[in-house]
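Protein chains in written order, with the working numbering: chain A, 1 to 190; chain B, 1001 to 1215.
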């Protein structure tokens, strides 16, 4: 785990156990402006982006005890909360209420998608695999999984032919899948 | 079984991680991840990378930062409490049950033809949404759809010209697929289906499934 991730995890633990406002303010100052920037990149208006960033930080203030640093980084946990809040905000009326059925806010009954591989091992593999990909592929798949662009939108944004976009993304996904699924392949070889 | 469908599944996976899928397709992916390990590693991996990307994005200042913090500290945790306990069944993935509002044993089926039942949930987010039930051993007559049909099998299995689809598997059928699924003999085949809603009902803003799936 990187020093920064350790530091964020320690701050989240202080929020969860001591309701530590100083620790929370540090997390707010780092994450709220970045969550806002992420939502703005997805096309939200300034005030809507701030509203959702605020909802995400409210979740962190009250539910920091549900964050498990052995399963994911705080950044990934907050990314998932922000993503899910945005999906619901786009669909819901403007009642301003948080959704009590938010899946992130329930204790898991079955293993969560990220619980299969040891968190740190998985994180290291993802970063190694991404670092080993040509930058031209990483940039394209980041548009797909971070900004949610379709292949045709990516072709428009980059000026690349659609066929080139598709083949580079297919290559990048193939390498990522192989890197992440190594253990399973070893197991099935027996 | 996913041979030849990698690019469509990858598009579903990226759209799921990014949160850009229509709600019913997002639910279908949530339920798939609950039931099947096939895409858990890649989804978890991309979420790691998305968290890293979030750390490295250029921040945009929050207006009224002190007031925002004060309102968080004064906020009421009550709206975040889990709702009343819901009865669960072993068949229905919880993401799907929360969306459909039924367990597998209390879905209000309508018989469409002998051996084939449907629960039609109408249009959501530009997609037509339904659950289907196929009697063991029954072949559903060939049917056409204008666009893509995504289905997630939650009980039993069906086979068609592409192979076998069992619990947790996603079938991605485009209009060219000779879609005459036959349910296996053991138990009824139950699934969740998402297709493009008729064009007249969808706004121009909504991507068609074929575009989302990059087909």
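Note that beta-carbon positions come from the ideal geometry of N, C-alpha and C, so glycine has one too. None of the values given here were measured: they were computed from a predicted structure.
Quick one: is the Cβ of residue 1017(B) within less than 7 angstroms of any heavy atom of the ligand FMN? What this structure holds is no ligand at all, so the ligand FMN is not there to describe.
Given that a residue counts as buried once 16 or more other Cβ atoms are within 10 Å of its Cβ, and exposed if not, what is residue 64(A)? One-based indexing of the first chain puts residue 64(A) at position 64. Answer is buried; the Cβ neighbour count reaches 16.
CA-to-CA distance, residue 129(A) to residue 1021(B), given in whole angstroms: Position 21 of the second chain, counting from 1, holds the residue named residue 1021(B). Position 129 of the first chain, counting from 1, holds the residue named residue 129(A). Going from the Cα of residue 1021(B) to the Cα of residue 129(A) covers about 26 angstroms.
Please name the residue, chosen from 140(A), 122(A), 123(A) and 53(A), that lies closest to residue 28(A) on a Cα-to-Cα basis. Locating residue 28(A) in the first chain gives position 28, counting from the first residue. Comparing Cα-Cα distances from residue 28(A) to each of 140(A), 122(A), 123(A) and 53(A), the minimum goes to 53(A).
Roughly how far, in whole angstroms, is the beta-carbon of residue 1168(B) from the beta-carbon of residue 1035(B), given that I think they are within contact range, below 8 angstroms? If you number the second chain from 1, residue 1168(B) lands on position 168. If you number the second chain from 1, residue 1035(B) lands on position 35. About 3 angstroms separates the two Cβ atoms, so the contact holds.
Which residue comes first and which comes last in the alpha helix (DSSP H) that contains residue 75(A)? If you number the first chain from 1, residue 75(A) lands on position 75. Its alpha helix (DSSP H) spans residues 74-91.
Are the beta-carbon atoms of residue 181(A) and residue 1041(B) separated by less than 8 angstroms? Against the first chain, residue 181(A) aligns to sequence position 181. Against the second chain, residue 1041(B) aligns to sequence position 41. Yes. Within cutoff.
Could you name the residues of chain A that residue 1026(B) contacts, counting a contact when the two beta carbons are closer than 8 angstroms? To locate residue 1026(B), count along the second chain from 1; it is residue 26. Chain A residues near residue 1026(B): 87.
Looking at chain B, which residues of the region 144-158 of chain A have a Cβ within less than 7 angstroms of any of its Cβ atoms? Cβ proximity to chain B below 7 angstroms picks out 144, 145, 146, 147, 148, 150, 151 and 152 from the region 144-158 of chain A.
Segment limits, alpha helix (DSSP H) that includes residue 36(A): In the first chain, counting from the first residue as 1, residue 36(A) sits at position 36. 21-41 is the span of the alpha helix (DSSP H), which, as asked, contains residue 36(A).
In whole angstroms, what is the alpha-carbon distance linking residue 155(A) and residue 1012(B)? To locate residue 155(A), count along the first chain from 1; it is residue 155. To locate residue 1012(B), count along the second chain from 1; it is residue 12. The straight-line gap from Cα to Cα measures roughly 18 angstroms.
Strand pairing of residue 1117(B), partner residues [DSSP]: Locating residue 1117(B) in the second chain gives position 117, counting from the first residue. For residue 1117(B), which the question treats as bridged, DSSP gives the partners 1111(B) and 1133(B).
Following the continuous beta strand (DSSP E) through residue 1158(B), name the residue where it begins and the one where it ends. As a first step, residue 1158(B) must be located in the second chain, where it is residue number 158. It spans 1157-1160 - the beta strand (DSSP E) in which residue 1158(B) sits, taken as one unbroken run.
Would residue 1077(B) be called buried (16 or more neighbouring beta carbons within 10 Å of its own) or exposed? Taking the second chain and counting its residues from 1, the one referred to as residue 1077(B) is at position 77. That one is exposed.
Can you list, in chain order, the residues of its chain with a C-beta nearer than 8 angstroms to that of residue 78(A)? Leave out the 5 residues immediately preceding and following it. If you number the first chain from 1, residue 78(A) lands on position 78. Around residue 78(A): 31, 35, 56 and 60.
Straight-line Cα distance separating residue 145(A) from residue 1213(B): The sequence position of residue 1213(B) within the second chain is 213, counting from 1. The sequence position of residue 145(A) within the first chain is 145, counting from 1. The alpha-carbon of residue 1213(B) is positioned some 13 angstroms away from that of residue 145(A).
Could you tell me the alpha carbon to alpha carbon distance between residue 133(A) and residue 161(A), rounded to whole angstroms? In the first chain, the residue the question calls residue 133(A) occupies position 133. In the first chain, the residue the question calls residue 161(A) occupies position 161. Roughly 20 angstroms separates the two Cα atoms.
Partner residues on chain A for residue 1211(B), Cβ-Cβ distance less than 9 angstroms: As a working mapping, residue 1211(B) is identified with position 211 in the second chain. Within chain A, the residues near residue 1211(B) are 150, 151, 152 and 153.
Same chain, Cβ closer than 6 angstroms to residue 1101(B), five either side skipped, listed in chain order: As a working note, residue 1101(B) is residue 101 in the second chain. Cβ neighbours of residue 1101(B) beyond the five flanking positions: none.
Other residues of its chain near residue 1162(B): CB distance less than 6 angstroms, five sequence neighbours each side excluded: Working through the second chain from its first residue, we reach residue 1162(B) at position 162. Around residue 1162(B): no qualifying Cβ.
Less than 8 angstroms between C-beta atoms, sequence neighbours within five positions excluded: which residues of the same chain meet that for residue 18(A)? Taking the first chain and counting its residues from 1, one reaches residue 18(A) at position 18. Here the set comprises nothing.
Three-way DSSP call (helix, strand, coil) for residue 1183(B) in this model: Your numbering for residue 1183(B) matches position 183 in the second chain. In the structure shown, residue 1183(B) sits in a strand (DSSP, three-state: E or B).
Examine chain B for any beta-carbon lying closer than 8 angstroms to the beta-carbon of residue 52(A), and answer yes or no. Reading the first chain from its first residue, position 52 is the one you call residue 52(A). No, residue 52(A) does not count as interfacial toward chain B.
For residue 181(A), which three-state DSSP category applies? Against the first chain, residue 181(A) aligns to sequence position 181. It is coil, neither helix nor strand.
Between the region 5-29 of chain A and chain B, which residues of the former have a C-beta closer than 8 angstroms to a C-beta of the latter? 21, 24, 25, 28 and 29
What residues of chain A sit near residue 1168(B), judged by a beta carbon separation below 8 angstroms? Reading the second chain from its first residue, position 168 is the one you call residue 1168(B). Simply none; closest approach about 12 angstroms.
Between the C-alpha atoms of residue 174(A) and residue 1010(B), what's the straight-line distance to the nearest angstrom? For this step, residue 174(A) is matched to residue 174 along the first chain. For this step, residue 1010(B) is matched to residue 10 along the second chain. Using only the alpha carbons, I get a separation of about 9 angstroms.
Using a Cβ cut-off of 8 angstroms (strictly closer), state whether residue 110(A) contacts chain B. Counting from one through the first chain, the residue named residue 110(A) turns up at place 110. For residue 110(A), the predicted model reports a pLDDT of 44, less than 50, meaning its position is unreliable and no value from the coordinates is stated.
Of the residues that make up the region 1046-1075 of chain B, which ones have a beta carbon closer than 8 angstroms to any beta carbon in chain A? 1046, 1047, 1048, 1049, 1050, 1051, 1052, 1053, 1054, 1055, 1057, 1058, 1059, 1060, 1061, 1062, 1063, 1065, 1068, 1069, 1071, 1072, 1073 and 1075
Limits of the alpha helix (DSSP H) - the one that residue 1025(B) falls within: Here residue 1025(B) corresponds to residue number 25 of the second chain, with the count starting at 1. 1023-1035 is the span of the alpha helix (DSSP H), which, as asked, contains residue 1025(B).
Might you give, ordered along the chain, the residues of its own chain that have their beta carbon closer than 7 angstroms to the beta carbon of residue 208(A), omitting 5 neighbours on each side? The first residue shown for chain A is 1 and the last is 190, placing residue 208(A) beyond what the model contains.
Local conformation of residue 1176(B) per DSSP, three classes: In the second chain, residue 1176(B) corresponds to position 176, counting from 1. Here residue 1176(B) sits in coil by DSSP.
Grab me the residues of residue 1116(B)'s own chain with a C-beta within less than 8 angstroms of its C-beta, minus the 5 sequence neighbours each way, in chain order. For the purposes of this step, residue 1116(B) is taken as residue 116 along the second chain, with counting starting at 1. If the five residues before and after residue 1116(B) are omitted, its C-beta is found closer than 8 angstroms to the C-beta atoms of 1132, 1133, 1134, 1135, 1138 and 1140, all from its own chain and listed in chain order.
DSSP on residue 1171(B), reduced to helix/strand/coil? Numbered from its first residue, the second chain carries residue 1171(B) at position 171. Strand at residue 1171(B).
At a Cβ threshold of 8 angstroms, is residue 1077(B) touching chain A? Position 77 of the second chain, counted from the start, is the residue given in the question as residue 1077(B). Chain A, which has a Cβ nearer than 8 angstroms to the Cβ of residue 1077(B), makes this yes.
Note down the Cα distance separating residue 1209(B) from residue 10(A), rounded to an integer number of angstroms. By one-based count along the second chain, residue 1209(B) stands at place 209. By one-based count along the first chain, residue 10(A) stands at place 10. About 42 angstroms.
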